[in-house]
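Chemist: Residue numbers (this note's numbering): 13 to 251.
1. Here's a check: name, in chain order, each residue in its chain whose Cβ is nearer than 6 Å to the Cβ of residue 157, leaving out the five neighbours to either side.
2. Which word fits residue 57, buried or exposed, when buried means at least 16 other C-beta atoms lie within 10 angstroms of its C-beta?
3. If contact is defined by three or more beta carbon pairs under 8 Å, each pair taking one atom from either stretch, is the region 70-79 in contact with the region 96-113?
4. Taking the continuous alpha helix (DSSP H) assigned at residue 169, which residues delimit it?
5. Rounded to the nearest angstrom, how far is the Cβ of residue 148 from that of residue 221, given a contact under 8 Å?
6. So, using beta-carbon positions, are residue 87 and residue 48 closer together than 8 Å?
7. So who's on the other strand from residue 231, going by DSSP bridges?
8. Go through its chain and collect everything with a Cβ distance to residue 29's Cβ below 6 Å, but skip five positions before and after it.
9. Consult DSSP for residue 160 and reduce its assignment to one of helix, strand or coil.
10. Taking the DSSP output, what are the residues bridged to residue 26?
11. How would you write the range of the alpha helix (DSSP H) that residue 84 sits in, first residue to last?
12. Quick check on residue 138: does DSSP put it in helix, strand or coil?
13. Could you work out which residue in 123, 132, 165 and 32 is closest to residue 151 when comparing CA atoms only?
14. What beta strand (DSSP E) runs, 3 residues minimum, are completely inside the region 94-146?
15. Give the DSSP-derived three-state secondary structure of residue 48 in the structure shown.
16. What whole-angstrom Cβ distance do residue 75 and residue 98 have, given they're in contact under 8 Å?
17. Please state the DSSP three-state secondary structure of residue 188.
18. Given 8 Å as the limit, is there contact between the region 205-213 and the region 163-181, that is, 3 or more CB pairs closer than that?
19. When the distance is taken between beta carbons, is residue 229 closer than 8 Å to residue 134?
20. Report yes if the C-beta distance between residue 85 and residue 140 is below 8 Å; otherwise report no.
21. List the endpoints of the continuous beta strand (DSSP E) containing residue 201.
22. On the criterion of 16 or more Cβ atoms from any shown chain inside 10 Å, does residue 218 qualify as buried, or is it exposed?
23. Contact check, residue 105 vs residue 235 under 8 Å by CB: the rounded distance?
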């Protein structure tokens, strides 16, 4: 496939590694670079950048070498990543750059009635064997966001509750930046305002379908983005 320039919209936890995905503006498509490791996870060596940048972050525009498409029935966007180091092309930081990126991403917001076509939090893997998924990555604007944190068997579990197109969802959170923030807080329910997210902020989430687990592909909140004037959050921005 050669080299593509990708706008990173997810660098999320996946088992013992990461799932990185973003928009290839040149071709107007989602791309998920994957490795040949078990479950196609990426390790730090895949998505690292030279110091002092260290690693690919949400909103970074990076040049990535891709070898060949390797779609699966539940993950049509997968492409094997090449061995070349990733190169940062741009890391938006000024209000003007961030506004421009916000506007450029608007056409990629999903307009479907439901996330991945259903109101549930999962989709049967068997259904994808019959009719392959059209997408396993979507970007959506949500409302009435709140977080739930619980401790189970010594591990912190985080979920996000929200409305999309008026429909309620309750999904697992795999965004490392928000996980780090919530790890410092007692287990509880946290409305967005309790996490210093302004009431007038736009909340966008990159959603991903997970790998099959007990016959189901769960919908995951891979990256939570906050777009607000004079405000900064993990995975967010300042206007």
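Note that the Cβ used here is the ideal one computed from N, Cα and C, for glycine as well. Bear in mind the structure is a predicted one, so any value in this text is a computation, not a measurement.
Modeler: Walking through what the data contain:
1. 174, 204 and 215
2. exposed
3. With a cut-off of 8 Å on Cβ pairs, the region 96-113 is in contact with the region 70-79, counting three or more such pairs.
4. Where residue 169 is concerned, there is no enclosing alpha helix (DSSP H), although the beta strand (DSSP E) it sits in stretches over 167-176.
5. Residue 221 and residue 148 do touch by the CB rule: their CB atoms are close to 4 Å apart, below 8 Å.
6. no
7. 221
8. Leaving aside the five residues that flank residue 29 on each side, the residues in its chain whose CB is nearer than 6 Å to its CB run, in chain order, 53, 54 and 55.
9. strand
10. Residue 26 pairs with 29.
11. Counting along the chain, residue 84 falls outside any alpha helix (DSSP H), and DSSP gives it neither H nor E.
12. helix
13. Relative to the Cα of residue 151, the nearest Cα in the group 123, 132, 165 and 32 belongs to 123.
14. 99-102 and 134-136
15. coil
16. Indeed, because the Cβ distance is near 7 Å, the residues count as touching under 8 Å.
17. helix
18. no
19. yes
20. yes
21. 201-203
22. So residue 218 counts as buried.
23. Their Cβ separation, rounded to whole angstroms, is 18 Å, which puts residue 105 and residue 235 out of contact at 8 Å.
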